[in-house]
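Data block below; observations after.
In this note's numbering, the protein residues as written are 193 to 335.
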């Protein structure tokens, strides 16, 4: 029987940074998770990612075509979870969707730089980690 893959929620800002800056810490995190685990998404998180990735202000970093290509690949590869519970606990209500996704999708962790989410660590046995913390833990576990 195949071993169940670990599942992660990666917030929108980390995903955008990963797409725009190929040598960044967020890009390293994204590539590591994509190679060895599952990335969770929901209809709501995909909608936000699409809205943010199509903003003109990112044209100077990466063409719209390349951003749409990243979006298409992400949407195809991410495991879409059905949200089974409404959560209203985060100081910024727009971030509750990541908690809902983590709980409904049975995530191991949320990877974010958002202080409103980070202050909730851990949330219902789901770790909430910065990209740097994730890499530090992952590199420690590989030794």
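Think of the CB as a built atom: it goes at the ideal place given N, C-alpha and C, for glycine as much as any other residue. Note that the structure is predicted; figures quoted are calculated from it, not measured.
Residue i versus residue j - alpha carbon distance
i	j	result
residue 320	residue 312	7 Å
residue 240	residue 330	28 Å
residue 262	residue 234	17 Å
residue 325	residue 206	13 Å
residue 264	residue 283	31 Å
residue 281	residue 288	7 Å
residue 275	residue 237	11 Å
residue 215	residue 286	28 Å
residue 193	residue 251	At residue 193 the pLDDT is 47, less than 50, meaning the model places this residue with poor confidence and gives no usable figure here.
residue 316	residue 295	8 Å
residue 217	residue 292	25 Å
Environment of residue i [buried if 16+ CB atoms lie within 10 Å]
i	result
residue 210	buried
residue 303	buried
residue 257	exposed
residue 260	exposed
residue 269	exposed
Same chain only: Cβ atoms within 6 Å of residue i, ignoring 5 sequence neighbours per side
i	result
residue 197	229, 230
residue 254	212
Proximal residues to residue i (C-beta, below 8 Å), its chain only, five neighbours per side dropped
i	result
residue 199	229, 230, 231, 232, 271, 297, 298, 299, 300
Residues of its chain near residue i, where Cβ-Cβ distance is below 7 Å and the 5 sequence neighbours each way are ignored
i	result
residue 242	263
residue 208	244, 245
Three-state class that DSSP yields for residue i in the structure shown
i	result
residue 133	Here the chain has residues from 193 to 335 only, and residue 133 is not among them.
residue 213	coil
residue 272	strand
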